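> Quick mapping for you: the protein sequence lines, in order, are chains G and E.
Going by the working numbering, the first residue of the first sequence is number 1, and it counts up by one from there.
Going by the working numbering, the first residue of the second sequence is number 207, and it counts up by one from there.
For glycine and all other residues, C-beta sits at the position ideal for the given N, C-alpha and C.
Because the structure is a prediction, the values reported are computed rather than measured.
Sending over a structure as structure tokens; questions will come in a sec.
There are 2 protein chains.
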Amino acid sequence: MIKKVKLSKPVLNRDEKRQLKLDAILRHAAAAFMDKGYYKTSLDDIARRHKVTKPTLYYYIKNKEDILIKCEKVASTRIKGLLDAVTATDESGFVQLQNFIEGYVEIVTDDIIRCHIRHRGQREDPAAREASLKMHREIEHRVREILGRGVKDGSIRDCNSTIIAILLFDALNGISAWYRDEGDVNHEELVAQVLLIVTEGVKNKP
Amino acid sequence: MIKKVKLSKPVLNRDEKRQLKLDAILRHAAAAFMDKGYYKTSLDDIARRHKVTKPTLYYYIKNKEDILIKCEKVASTRIKGLLDAVTATDESGFVQLQNFIEGYVEIVTDDIIRCHIRHRGQREDPAAREASLKMHREIEHRVREILGRGVKDGSIRDCNSTIIAILLFDALNGISAWYRDEGDVNHEELVAQVLLIVTEGVKNKP
DNA sequence: CTATATTGTTACCCATGAGTAACTTAAACT
DNA sequence: AGTTTAAGTTACTCATGGGTAACAATATAG
């Protein structure tokens with residue numbers, strides 16, 4: 001007699017399922033936050049989107065703020081990953097900057113990233129607040145380093161890399177607030193325009 | 207006998223005093239909002255800063271959201287004033303753009319403007335929300351026109367003025383979030399760097 | 001097949017903070 | 001003067017929404 005193989009072998013184990021559900025909750029929460037803003041979104045709103053009741057959420061998150069913290073985790077991992085990829089090459093600083101911009105405009109479409117960009121700063125718990133700031137400074141610092149590399153290798157003109165990094169970041173982060181994949185601004189066109197302004201500025205050179 | 211001149215002649219009449227107090231309240235509120243954010247700031251917080259009790263505020267404002275609306279009024283008047291001044295000249299589009307940027311960086315230091323920039327979008331009342339959006343579009347449109355003028359007169363290179371206007375605005379508005387007059391970034395340096403990136407971009411031209 | 005951990009639910013508590021009613025004080029104009 | 005209007009106070013109401021306790025269902029393991 002054939003030994004019956006255990007039925008319903010779990011394709012995903014418990015932890016994986018849990019992780020998947022957490023991701024879904026973050027997505028729903030991020031979408032809700034982008035819709036109405038953090039404070040105007042109640043946990044009941046989020047629960048409703050996820051088709052569960054509020055207390056269930058507490059099985060996956062510590063409290064409301066924890067959602068922002070978890071979103072930040074996802075976002076910062078993604079952004080740092082991009083920075084790693086971009087700086088791993090031995091391209092010139094300017095080319096690395098171009099690659100970063102291209103990648104960032106891509107990333108900025110994602111709801112969780114959007115949510116992070118819009119709500120970074122709302123952290124209430126002082127420790128979480130500090131951690132968030134530190135993280136953000138770290139990322140900014142790495143962009144500054146790309147600029148510095150470019151200045152050193154001659155591909156970028158001499159400039160105040162601190163100020164330029166911030167300005168660039170604000171412009172890129174701003175994109176997350178208005179750009180929609182389904183909107184009427186074409187993705188390639190957007191990237192092209194950003195790159196052009198970074199490369200050339202806007203002044204016409206005769 | 208000398209006719210006694212009416213003592214305590216009001217240097218300011220009632221309406222002027224009222225207006226002054228309203229301004230002070232808006233300043234206090236804006237400062238509080240920049241500190242802790244709109245939702246984390248209670249009307250009691252604002253009242254405390256103004257050294258009155260909460261119900262007194264209702265003598266000057268309709269409700270909490272009305273503060274944002276009144277701040278927006280102040281801010282938009284100021285920004286439109288700048289645009290009027292800048293576009294009144296018959297300078298080239300590029301020079302007008304430069305002047306706008308210089309003026310905007312100046313303006314962005316003010317707490318009420320900062321507050322407006324940070325909280326534009328929080329409007330809850332649908333009508334107020336729509337009005338705010340319309341106002342914002344109008345301002346953006348005028349910047350776009352400056353760019354268009356520049357393209358036409360040849361002082362600005364051919365570009366997608368819609369996208370460029372938004373990117374520029376986001377970078378400028380971002381300044382309001384981090385720049386402080388007392389901070390270690392010098393005002394002139396900041397303006398110079400913004401103008402340079404707009405003029406030249408960052409790429410080094412051999 | 002039963003015991004146990006995992007998910008989820010219903011029904012509550014309770015702090016916070018916007019907005020108001022009713023009353024008091026200060027100012028200003030005959 | 002004394003009456004009116006402005007300006008401010010104390011003491012509330014009341015909706016909202018974050019968070020929890022206690023119970024119910026479902027799934028996994030032994």
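Assuming contact is defined by CB atoms lying nearer than 8 Å, are N379 of chain E and I323 of chain E in contact in what I supplied?
Yes; because the gap between Cβ atoms is below 8 Å, this pair is in contact.
> State yes or no: is the beta carbon of T56 of chain G nearer than 8 Å to at least one beta carbon in chain E?
By this cut-off, T56 of chain G is not an interface position.
> Return the chain-ordered ranges of every alpha helix (DSSP H) run that is complete within the region 241 to 305 of chain E and spans a minimum of 4 residues.
Segments of the alpha helix (DSSP H) lying fully in the region 241 to 305 of chain E: 249 to 256, 260 to 263, 270 to 294.
> On the CB-based measure, 16 or more other CB atoms within 10 Å of its CB, does Q193 of chain G come out buried or exposed?
With 16 or more Cβ atoms within 10 Å of its Cβ, Q193 of chain G is classed as buried.
> For Y310 of chain E, does the count of other Cβ atoms within 10 angstroms reach 16, so buried, or fall short, so exposed?
Y310 of chain E comes out buried.
> Does any C-beta atom of chain G lie closer than 8 Å to the C-beta of T405 of chain E?
True, the Cβ-Cβ gap to chain G drops below 8 Å.
> Sort G:T109, G:G150, G:I101 by Cα distance to F94 of chain G and report the nearest one.
Considering only alpha carbons, the answer is G:G150.
> On the three-state DSSP scale, how would you describe V108 of chain G?
Coil.
> When you compare only the Cα positions, how much space is there between K257 of chain E and I319 of chain E?
Distance between the alpha carbons of K257 of chain E and I319 of chain E: 23 Å.
> I139 of chain G bridges to which residues according to DSSP?
None, per the DSSP bridge assignment.
> For V185 of chain G, return the contacting residues in chain E, with the cut-off set at a CB-CB distance below 7 Å.
Within chain E, the residues near V185 of chain G are I369.
> Do you know offhand how far G121 of chain G's Cα is from C71 of chain G's?
Cα to Cα, the separation comes out at about 13 Å.
> Taking 8 Å as the threshold (C-beta atoms), are I79 of chain G and L396 of chain E in contact?
No, these two residues do not count as a Cβ contact at 8 Å.
> Which residues in chain G sit within 8 Å of E395 of chain E, going by Cβ to Cβ distance?
Within chain G, the residues near E395 of chain E are N160, I163.
> Going by beta carbon distance, what residues of the same chain come within less than 8 Å of D387 of chain E, once the five residues before and after it are set aside?
T315, H393, listed in sequence order.
> Does the CB of I166 of chain G have a neighbour CB from chain E at under 8 Å?
It does; some Cβ of chain E falls within 8 Å.
> For Y244 of chain E, is the classification buried or exposed, using 16 other Cβ atoms within 10 angstroms of its Cβ as the cut-off for buried?
The residue is buried, with at least 16 neighbouring Cβ atoms inside 10 Å.
> Answer yes or no: does any C-beta atom of chain G fall closer than 8 Å to that of Y245 of chain E?
Yes, its Cβ sits closer than 8 Å to a Cβ of chain G.
> Determine the closest residue to I69 of chain G out of G:I197, G:L133, G:N13, with distance taken between C-alpha atoms.
The shortest Cα separation from I69 of chain G among G:I197, G:L133, G:N13 belongs to G:L133.
> From which residue to which residue does the alpha helix (DSSP H) around V194 of chain G run?
187 to 200 is the span of the alpha helix (DSSP H), which, as asked, contains V194 of chain G.
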